[in-house]
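Chemist:
The following block contains the structure:
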């Protein structure tokens, strides 16, 4: 159950409004690394957890609600960058020029949304549920969350580089800090799990093929000697096997599809029903 | 540059062909956790890496080529499950019944592909580039790869549970083993990086907001005392901060959008141009 | 800014768990008429409203937060229908049969999510930002909201027809009631606006073509006399014009594209650069 | 059954071709508010209507055919803006500059379509069937149509603001007028229905939860007194209930997923099959 | 400009309504091989053609309008298969069973559309503008049209196999015949073009690399002798070159990305701004 | 089974790096006409072919592997155009200007990928499995391949026009030549098939409607005399019929949907259950 308050989680100011930056901010709203993705991802993950994982479910929901507030901050940043920029639009003498300028921006922010945020990424592609990872396996989900926050923080630091506006830098500095926290909290949660690797831990490992489960198989055209990388020799990180090296793929079995049903195929010899 | 050989990486047999299982296998071909995603993801990651990361680029390309061969194995498994199942189709007396049965399967395998694999997931949704994570940041990408293989192995073990066919169980046992290797190799590669957390390591951490970068901020409606979870106190996994706990969000700034350009807004008071 | 509480907005019980019904419920989660759509739609609409529309912004955010809780209720309904249904899975002797059964359900609920809800619709297609309407024009948005809740209530009543489970019927009875309220509140909000039709009210109506702004233009191949429908004669609902009838389209101007740039076209006469 | 004639419904001229405006016009072709959406939407709605609704089916098909002609007008406007603009392309000395300019436009209009219209929106995202609302419920569909034409007219007026070209302004003035007519005709059609609210009217309203069907439930974190808005007190627009106000959500039932099937879950305690 | 008439192009009858077949028919409506695709494809192609190609533009528009009528026929076939099938729904005693049955069908036909057609394919994935090919190059477009009608006819023959219903067989026999005509008309139009291969004919062929424009380059891991296939020796079909065979790829240049901008990369050595 | 080598198939150089051209190149990577599409398309086609089509399966796989190498070349071209362009980014004094410039480019190349290629098209829309045609019918697939390479070569020649960079022109000259070869090889393969038109050849042609299988049916509003085009008279290209002309559509049967199930419809007369 959710509640809301008409305040931002953290203040958003823009001193030099820049409609171009409003386009870039869309990546953090509706993009692969954006806040819509993580807010919804944490919810779906939480709703799949049974009673014994209550602490983790709470952790996920606590964070999900915060991420919703981050979408709100970013949407506010978009409207401030677009609407407080008087020169971009509406000047009769420059309407065509404004149109030209706008095309390099995000046209739907203007045409579909009246100078406000839209649920798309910085390229203009719509947000999609395909971004959301919620597997019902807690360890796998926590790795997905570390990854999501790594991607989110990388994005936020890049946005921070692309603006000189003190207000935007301050907002991004806040969001970058939160992503530092999130990466750490998901890693800590992973550490609190007993023996999570390889995911899923519940699968009986003796049922997997024992010939290739710790073997680096090279796909180089010309066979190469073992390059002695950390991933071709020595103990594997899961502590359950030793890395080995194979210079060639096993290669077994022909790539031959069975004959299709003659009635639905294009067999030229077929003459009637 | 790529090469190919008309052999499978590992033999694929089906003893009791099952068109229903052919539908489930699509998740491992064109799904969020599937082989198309990882094959392409590793390529795009590799192509972004500069010279100093040659060992990692090679690692990524070695694995990408192997994953292409896994798509091939799974596509072969699909055709064998579909085409060697004589009873499902083509019997004049049962055509309508066959149609009924087919709708519970993946209709496009029949209608669009003549009983073979299609680039979609088990729900029938098309493969999309949205699944691919390739950020130009090696540490972030390696976390994405651990996550992808965790998801892939979880999927493969679930498929293993849903079949009794010895051939399918054998193929999946091979793929599960490879995912064990992959999880380990990406974790090993992460360990070989110097100080990857928080990602991106290149961002000067003193530029991030120092008030909230290790603080668990609760979003519970009613303020709660510190629950003393590993992620609300103690040292953070990155070794660069101490977790703390805040019972409430900072809450600052109003959620008020600026006035839009009057010419593009719906201001009821506007009467003319 | 958002808050949460680990209770459902309204209790969700399932007496006769039905994995098939869990598939149908996905439409109300991630579908065109679903709760993800309205929750996000109301947020994006609210974030575009300037200060003078504070009452409407609050109205939108009040409702958005409630809709988030409805996704939660539906996701809970999905897990209860899937997981409390012991016969469907895991029985060694019936694994293949279970697979067959599962394909008629939503495979990703099992394969991608471990028997829980996924951000897709009842056909398995992913949720998309394309569903969200937030135009920056309040009247237009309120019509979109009436429509969304009409679609949502229609869906909920259909789901109510397709189940006999008392728990599911009770949950749906609650959601149907809320959609009654929502339809009424959005209509009431529309009535509170001054002169909203035609949307957008801010456009000077004398700038629109005065020949065809209240004319029903027939596209019937054979010209027909005025059928004397309410939309071909009499006063228009906006009170600003009289309906008239034209038996044929104006038809003016040729459909001829200009010549393309010869360098990028396929002009067979081009012989060199 | 459809027919066509090689004339435009209304003449399209461009005096000052502007490739940037060609990009913006895409929103009216393949966008959420575009003509492809309404043309197809009205068809699908019509095809679902049984005999007794013949007048409405005709109304829908009359309009659908006209909308097809509007796509044609807009596609013509795109080619005229692109191809009659000699400076943008093909000048050997400025090819790189042209490429730079083009990227701010819609690259696929050039690269995929040889300077003509493409079935995408102004951001370049492809048209999708997800936009189409055709519910089989006439009242709900008519609200969807009012909304679609409100969105379409809002878009057209924004495009009108972004161009100074007399030809484009004239074409848009025509389309804006048609959208005025369409909004009025769909509202008139709604009025001709008996008692359409709440949609669907066919559902027996005493089956919905009687506690909350006219209650405004606040989701504010801190309970607030009744704000005495038109949607928190007084008679509801459907004439079937009185608005009331609840300062808090009912809140009932725990968010606890049942235990998943142990074979498909990640239960760390599981040690074998 | 388009017109319509409230008759079907060809009568549609269903003797044994089958909701399962209604799902399969969706592929011919909203699928990759479907009628929505070709109707829109032919329009966009026509709208890009300049005056000298008037005969081809007319050909395309003549066919586009007919294809719209085919969507109508198929949508009618869907409603007849769904609604004249009394046993599937609404029987109080079998509601849960009906739900079970429905999940193997297309749930959105019921839930979103009240037992009518939806703009999706047989897997339930939405129609997308991505299917549409309209390149501004007539020869390329005609090949796309041959291909589209080949795919469409293949689909229609497969649907013909999956039904025993005389009405459905008759409708499909009509559509298959039309696809025979279409394939022939597009091939005839191709033949009427002067020298269309290789497409685009306008490109000066001496500007393409002359070493590899008629060479079959093998990618086999182990070099193979020339297999003497028709595509490795002899005259090429365009009459402009002789096929040759290369046993290995040229292989030149390293796959090394330049160093990224240090401010946006993850360079571990970067310590400050 | 696939192999790789850390060399490019053909060298890629860029003399005057241009981030705008990097955006255009995306069309050849992740677009409708791009290399991801053909590489995957040829694989899926090959995997569907039974033993008797071994020569064609090999042909498809030989080419698929080469296309993978073309994605690699294009991704390398993207990074070189982006990263060797020092002025675009990182200059503190011009950060806002850089952001402005970047918005006209492909923001995700910067924000999501650290100045490298992304799996999207030139408009920024993600690659999708919807592009892939693999029908299980060899003749249909070969037409799809001719079309795909025609589209690909058209795109490559357009890119060639939009750049002055000698390195880019050289790379594109190579790719254009390969597309010449591909078009020829697929046409040659089509010619090697016995009687492929109309596709699918396996369908007994006497089962199709004999009235309309070689008739051009005009959809012009006003009936026109036979225009005596090559597609309205004379022998059809398949040699199996004579073209004829019909000035009007047959027109038969009403567009009337049956009554829907009263429980799921919006019948205003329904008053109870």
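Protein chains in written order, with our numbering: chain X, 20 to 292; chain G, 20 to 292; chain B, 20 to 292; chain Y, 20 to 292; chain F, 20 to 292; chain V, 20 to 292.
Glycine included, each C-beta is placed from N, C-alpha and C at the ideal position.
Got a sec: which bits of the segment 125–147 of chain G sit with their beta carbon under 7 Å from any beta carbon on chain V, in order along the chain?
Modeler: 131, 132, 133, 134, 135, 136, 138, 139, 145, 146, 147
Chemist: Taking the alpha carbon of residue 279 of chain Y as the point to measure from, which residue in X:170, X:221, X:44 has its own alpha carbon closest?
Modeler: If you number the fourth chain from 1, residue 279 of chain Y lands on position 260. Ranked by how close their Cα comes to the Cα of residue 279 of chain Y, the residues X:170, X:221, X:44 have X:221 in first place.
Chemist: Using three-state DSSP, classify residue 126 of chain V as helix, strand or coil.
Modeler: Position 107 of the sixth chain, counted from the first residue, corresponds to residue 126 of chain V. DSSP places residue 126 of chain V within a helical segment (H, G or I) once states are collapsed to three.
Chemist: Just to confirm the assignment, what range does the beta strand (DSSP E) spanning residue 265 of chain X have?
Modeler: Along the first chain, one-based indexing puts residue 265 of chain X at 246. First-last of the beta strand (DSSP E) with residue 265 of chain X: 261–265.
Chemist: Please classify residue 258 of chain X as buried or exposed, where buried requires at least 16 neighbouring CB atoms within 10 angstroms.
Modeler: As a first step, residue 258 of chain X must be located in the first chain, where it is residue number 239. Result: exposed.
Chemist: Determine, using beta carbons only, whether residue 99 of chain B comes closer than 9 Å to chain F.
Modeler: As a working mapping, residue 99 of chain B is identified with position 80 in the third chain. Not closer than 9 Å to any Cβ of chain F, the Cβ of residue 99 of chain B fails to qualify, so no.
Chemist: In chain order, which beta strand (DSSP E) runs of at least 3 residues are fully inside the segment 203–287 of chain B?
Modeler: 234–236, 261–265
Chemist: From the DSSP output, which residues share a beta bridge with residue 23 of chain F?
Modeler: Reading the fifth chain from its first residue, position 4 is the one you call residue 23 of chain F. According to DSSP, which records beta bridges pairwise, residue 23 of chain F is partnered with B:239, Y:21.
Chemist: Tell me which residue opens and which closes the alpha helix (DSSP H) that residue 68 of chain Y is part of.
Modeler: Counted from its first residue, the fourth chain places residue 68 of chain Y at position 49. Looking at the DSSP string, residue 68 of chain Y is not in any alpha helix (DSSP H), and its letter there is neither H nor E.
Chemist: Would residue 56 of chain X and residue 135 of chain X qualify as a contact pair, given that the criterion is a beta-carbon distance under 9 Å?
Modeler: The count along the first chain starts at 1 and reaches residue 56 of chain X at position 37. The count along the first chain starts at 1 and reaches residue 135 of chain X at position 116. Result no, Cβ atoms of residue 56 of chain X and residue 135 of chain X do not sit closer than 9 Å.
Chemist: List the endpoints of the continuous alpha helix (DSSP H) containing residue 173 of chain V.
Modeler: As a working note, residue 173 of chain V is residue 154 in the sixth chain. Note, residue 173 of chain V: alpha helix (DSSP H), 157–180.
Chemist: Along the chain, where does the alpha helix (DSSP H) that runs through residue 49 of chain V open and close?
Modeler: In the sixth chain, residue 49 of chain V corresponds to position 30, counting from 1. Run containing residue 49 of chain V: 38–49, per the alpha helix (DSSP H) assignment.
Chemist: Does the beta carbon of residue 375 of chain B sit closer than 9 Å to a beta carbon anywhere in chain X?
Modeler: Nothing about residue 375 of chain B can be reported from this structure: the residues present for chain B run from 20 to 292 only.
Chemist: Can you list, in chain order, the residues of its chain with a C-beta nearer than 8 Å to that of residue 27 of chain Y? Leave out the 5 residues immediately preceding and following it.
Modeler: Indexing the fourth chain from 1 puts residue 27 of chain Y at position 8. Taken in chain order, the residues that qualify are 88, 91, 92, 95.
Chemist: In chain order, what residues of the same chain lie with their CB nearer than 7 Å to the CB of residue 79 of chain X, ignoring the 5 residues before and after it?
Modeler: For the purposes of this step, residue 79 of chain X is identified with residue 60 of the first chain, where counting begins at 1. Here residue 79 of chain X has 61, 64, 65 as same chain residues with Cβ atoms under 7 Å from its own Cβ, once five neighbours each way along the sequence are excluded.
Chemist: Does residue 32 of chain F come out as helix, strand or coil in the three-state DSSP assignment?
Modeler: In the fifth chain, counting from the first residue as 1, residue 32 of chain F sits at position 13. Correct three-state label for residue 32 of chain F: coil.
Chemist: Which value, in whole angstroms, describes the spacing of the CA atoms of residue 38 of chain X and residue 38 of chain Y?
Modeler: As a working note, residue 38 of chain X is residue 19 in the first chain. As a working note, residue 38 of chain Y is residue 19 in the fourth chain. Going by the C-alpha atoms only, they are around 20 Å apart.
Chemist: Have a look at the DSSP bridge pairing and note the partners of residue 147 of chain Y.
Modeler: Taking the fourth chain and counting its residues from 1, the one referred to as residue 147 of chain Y is at position 128. In the DSSP output, where bridge partners are listed per residue, residue 147 of chain Y has F:147.
Chemist: Thinking residue 155 of chain F and residue 133 of chain Y are a contact (beta carbons under 8 Å), I'd like their distance in whole angstroms, please.
Modeler: Counted from its first residue, the fifth chain places residue 155 of chain F at position 136. Counted from its first residue, the fourth chain places residue 133 of chain Y at position 114. At roughly 2 Å, the Cβ-Cβ gap stays under 8 Å, so residue 155 of chain F and residue 133 of chain Y are in contact.
Chemist: Does the segment 250–267 of chain Y touch the segment 202–213 of chain B, meaning 3 or more C-beta pairs lie closer than 8 Å?
Modeler: yes
Chemist: Note down, in chain order, every chain D residue with its Cβ under 7 Å from the Cβ of residue 52 of chain V.
Modeler: Of the chains in the structure shown, none is chain D; the protein chains are X, G, B, Y, F and V.
Chemist: Go through its chain and collect everything with a Cβ distance to residue 165 of chain B's Cβ below 8 Å, but skip five positions before and after it.
Modeler: The residue you call residue 165 of chain B lines up with position 146 of the third chain. Here the set comprises 202, 205, 206, 209.
Chemist: Looking only at its own chain, which residues have a Cβ that is under 6 Å from the Cβ of residue 304 of chain B, when we skip the five neighbours before and after it?
Modeler: Examination of residue 304 of chain B is not possible in this model, given that chain B is present from 20 through 292 alone.
Chemist: Within this structure, are the beta carbons of residue 260 of chain X and residue 232 of chain X separated by less than 9 Å?
Modeler: Residue mapping note: residue 260 of chain X aligns to position 241 of the first chain, counting from 1. Residue mapping note: residue 232 of chain X aligns to position 213 of the first chain, counting from 1. Yes, they are a contact pair.
Chemist: How is residue 57 of chain B classed by DSSP in three states: helix, strand or coil?
Modeler: Reading the third chain from its first residue, position 38 is the one you call residue 57 of chain B. Helix at residue 57 of chain B.
Chemist: What did DSSP end up calling residue 97 of chain Y once you bin it into helix, strand or coil?
Modeler: Counting from one through the fourth chain, the residue named residue 97 of chain Y turns up at place 78. Note: residue 97 of chain Y maps to helix in three-state DSSP.
Chemist: Is residue 41 of chain X buried or exposed, if buried means 16 or more other CB atoms sit within 10 Å of its CB?
Modeler: Sequence index remark: in the first chain, residue 41 of chain X carries index 22 (1-based). So residue 41 of chain X ends up on the buried side.
Chemist: Indicate whether residue 130 of chain V and residue 194 of chain X have their beta-carbon atoms separated by less than 9 Å.
Modeler: As a position in the sixth chain, residue 130 of chain V is number 111, starting the count at 1. As a position in the first chain, residue 194 of chain X is number 175, starting the count at 1. No, they are not a contact pair.
Chemist: Does residue 66 of chain X get closer than 9 Å to chain B when you measure Cβ to Cβ?
Modeler: Translated into positions along the first chain, residue 66 of chain X becomes position 47. Closer than 9 Å: yes.
Chemist: Should residue 271 of chain Y go down as buried or exposed, given a rule of 16 or more other Cβ atoms within 10 Å for buried?
Modeler: In the fourth chain, residue 271 of chain Y corresponds to position 252, counting from 1. Exposed: under 16 other Cβ atoms inside 10 Å.
Chemist: Taking a Cβ distance cut-off of 7 Å, strictly less, list which residues of the segment 60–89 of chain V are near chain X, in chain order.
Modeler: Against chain X - using a Cβ distance shorter than 7 Å - the residues of the segment 60–89 of chain V are 66, 67, 68, 69, 70.
Chemist: Does residue 155 of chain G come within less than 9 Å of chain F when only Cβ atoms are used?
Modeler: Counting from 1 along the second chain, the entry for residue 155 of chain G is found at position 136. Closer than 9 Å: yes.
Chemist: Measuring only the C-alpha atoms, how far is residue 217 of chain V from residue 250 of chain V?
Modeler: Stepping through the sixth chain from its first residue, residue 217 of chain V is reached at position 198. Stepping through the sixth chain from its first residue, residue 250 of chain V is reached at position 231. In a straight line, the C-alpha of residue 217 of chain V is about 15 Å away from that of residue 250 of chain V.
Chemist: Classify residue 45 of chain V: buried if its beta carbon has 16 or more other beta carbons within 10 angstroms, exposed otherwise.
Modeler: As a working note, residue 45 of chain V is residue 26 in the sixth chain. So residue 45 of chain V counts as buried.
Chemist: Between residue 275 of chain B and residue 138 of chain F, is the Cβ-Cβ spacing less than 9 Å?
Modeler: Position 256 of the third chain, counted from the start, is the residue given in the question as residue 275 of chain B. Position 119 of the fifth chain, counted from the start, is the residue given in the question as residue 138 of chain F. No.
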